[in-house]
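Per UniProt numbering, residue 1 is the first one in the sequence shown, and the count goes up by one each step. Report on one structure; see the data block that follows.
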Amino acid sequence: HQHPYISAMVNNGSLHYDHDRDGTHTQLAGCEAKFRNLEHDTHIAIRYEGDTLT
Numbered sequence: 001h002q003h004p005y006i007s008a009m010v011n012n013g014s015l016h017y018d019h020d021r022d023g024t025h026t027q028l029a030g031c032e033a034k035f036r037n038l039e040h041d042t043h044i045a046i047r048y049e050g051d052t053l054t
C-alpha cells in the first residue's frame, strides 16, 4: 500500500505493533490517505462510536 496509510487494530494488550510490516498482520481495516503536500489545508477525523469506525 501507499503512504500515508491509516489502519485500525483491535488489541487486548497481548499483541505488538510490527513496524517492519507496518502493522498489517494485526490490522482490522485500513486505507490510503493522500492528504500530504496539497495546495490547501487538509483535516482528517477518525471516530469510533457505537461499535462503528468512521
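Where is the CB? At the ideal position from N, CA and C, for every residue including glycine. Model, not experiment: these values are computed from the prediction.
Return the residue from the list the options that minimises the CA-CA distance to residue i.
{"i": "His25", "options": "Asn11, Ala33 and Glu32", "result": "Asn11"}
How about residue i and residue j: are their beta carbons less than 8 Å apart?
{"i": "Gly30", "j": "Ile6", "result": "yes"}
{"i": "Glu32", "j": "Gln2", "result": "yes"}
{"i": "Arg36", "j": "Pro4", "result": "yes"}
Just the C-alpha distance for residue i and residue j, rounded to the nearest angstrom, thanks.
{"i": "Asp51", "j": "Met9", "result": "13 Å"}
{"i": "Lys34", "j": "Tyr17", "result": "23 Å"}
{"i": "Gln27", "j": "Ile44", "result": "19 Å"}
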